[in-house]
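**Student:**
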Amino acid sequence: MSVNFIKKQKKRLHHYFIPCEANGHKPHFIRHQALHFYSAFILAGKIFVLALLFATFPSQAEFSTVTANRIIELTNRARQQADLSLLMHSPILDSAALLKANDMLANDYFAHNSPDGTTPWEWFRQAGYNYTYAGENLAMNFSEAEEAMSAWLQSPTHKANILNSNYDEIGIAVAVGKINGKETTLVVQHFGKSFVTPGGESGFARSPSQTAPQISGVTSVSGGGQVEVAYGETPHNLTTQIVYYAEKIFLVLLIFIFVNLLLTIFIRIRVQHKPIIAHCLLVISLSLLALSYHFHFMESLAGEVIKII
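Given below as structure tokens:
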């Protein structure tokens, strides 16, 4: 590699990054034409992401319904592979799960027991489900059923709950809301075996308090703590990946423009081009808005750690 070639490349970098007499103290990467391109790229990227999200997840209600049905399907698939009986879908367990999900959102917590000490079995009781066996799995920050199921199946105790031969019914509730000030998705998976016969009579005289139900999520970690499954350890659909990487690109572009602005201001501090500085600040503001303002509930979940308990 010749010395002249190195000098040419160094001179070219100066033209693009460093304010000097040769480029009129206006580096090419932050001239108005380049800044217009960055702005158009950010706007087009944000619009594309939103269009994709609203096409994939038109509403929270549809997301909840589709995800709940899919979790039941995946749960039964896992049980079938383990040569276990399939679980029947129970609307009563759906109601119990929804009561639990709404309570977590209303009281800002993610745990089996509520802050006031209410246990999961209170929701079974309120829904009118008389059980001999009952169980609960929880997950948050997922964007599709496969993510939640994959996280559960990676946890031996949650997997044991899913593959518990004592259960014969399942109910699911999927909710969207805020916990700890952040938009999130919640799924409550309730399992049960009722001692009420199809005719409505008790098969045997035993109250729920006489049978200790199993909560795999609590016994899977000491003290009832949470298990976190990092992004990349669970399968993600194409839509989720696009949102995730679009935000990374916006962030890189923001840092790139900010660094170039600092170079332009401080390397030749006596020579300032106020219109370019103002334009840079405008593009930086646009980048910050694209990163921080979310029009769709799924944008908040990009790259978030999936939590199970």
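So in the numbering used here, the last one in the sequence shown is 366, and the numbering has no gaps at all. Glycine residues also receive a C-beta, built at the ideal position from the N, C-alpha and C atoms.
1. Does the segment 147–155 touch the segment 181–200, meaning 3 or more C-beta pairs lie closer than 8 Å?
2. Residues bridged to Asn194 by DSSP?
3. Quick check on the DSSP output: what are the complete beta strand (DSSP E) runs of length 3 or more inside the segment 112–198, in order along the chain?
4. Could you check the C-alpha separation between Met355 and Ala79 for me, to the nearest Å?
5. Answer with buried or exposed for Glu119, where buried requires no fewer than 16 other C-beta atoms within 10 angstroms of its C-beta.
6. Using DSSP with H/G/I as helix, E/B as strand and the rest coil, what is Lys305?
7. Among the candidates Lys305, Met145 and Ile128, whose CA atom is the shortest distance from the CA of Trp209?
8. Which same chain residues end up closer than 8 Å to Ile333 when comparing Cβ atoms and leaving out the 5 residues on each side of it in sequence?
9. Ends of the beta strand (DSSP E) at Lys235?
10. Please state the DSSP three-state secondary structure of Ser251.
11. According to DSSP, is Glu201 helix, strand or coil?
12. Taking its Cβ as the centre, do 16 or more other Cβ atoms sit within 10 Å of His85, making it buried, or is it exposed?
13. Determine the closest residue to Leu339 out of Pro76, Ile75 and Ala97, with distance taken between C-alpha atoms.
14. Taking the C-alpha atoms as reference points, what is the distance between Ile236 and Asn170?
15. By how many angstroms is the C-alpha of Asn198 removed from the C-alpha of Ile227?
16. In terms of alpha-carbon separation, which member of Lys239, Thr297, Met145 and Leu319 lies closest to Glu203?
17. Should Thr124 and Glu201 be called a contact, given that it needs their Cβ atoms to be closer than 8 Å?
18. May I have the straight-line CA-CA distance separating Leu295 from Asn218, to the nearest angstrom?
19. Contact check, Arg136 vs Leu144 under 8 Å by CB: the rounded distance?
20. Hey, could you find the ends of the alpha helix (DSSP H) Ile219 is sitting in?
21. Measuring straight from C-alpha to C-alpha, what distance separates Tyr166 and Pro172?
22. Pick out whichever of Thr132, Ser147 and His146 has its Cα sitting closest to the Cα of Asp140.
23. Along the chain, where does the alpha helix (DSSP H) that runs through Ile333 open and close?
24. Exposed or buried, what is Phe248 when buried is set at 16 or more other beta-carbons lying within 10 Å of its beta-carbon?
25. Short of 7 Å in beta carbon distance, which residues of its chain neighbour Leu343, apart from the five on each side in sequence? Order them along the chain.
26. List the DSSP bridge partners of Ile314.
27. On the CB-based measure, 16 or more other CB atoms within 10 Å of its CB, does Ala108 come out buried or exposed?
28. Could you check what DSSP says for Ile324 in three-state terms: helix, strand or coil?
29. How big is the Cα-Cα spacing for Ala163 and Leu220?
30. To the nearest angstrom, how far is it from the Cα of Ser357 to the Cα of Gly102?
31. Could you please give the first and the last residue of the uninterrupted beta strand (DSSP E) stretch that includes Ile363?
**Tutor:** This is what the structure gives:
1. yes
2. Gln246
3. 188–197
4. 47 Å
5. exposed
6. helix
7. Ile128
8. Lys83, Ile87, Arg88, His89, Leu92 and Thr321
9. Glu226 to Ile236
10. strand
11. coil
12. exposed
13. Ala97
14. 15 Å
15. 21 Å
16. Thr297
17. yes
18. 29 Å
19. 7 Å
20. Pro213 to Ile219
21. 7 Å
22. Thr132
23. Lys331 to Ser349
24. buried
25. Ser96 and Ile99
26. The partner list for Ile314 (beta bridge, DSSP) is empty, contrary to what the question assumes.
27. exposed
28. helix
29. 31 Å
30. 16 Å
31. Ile363 to Ile365
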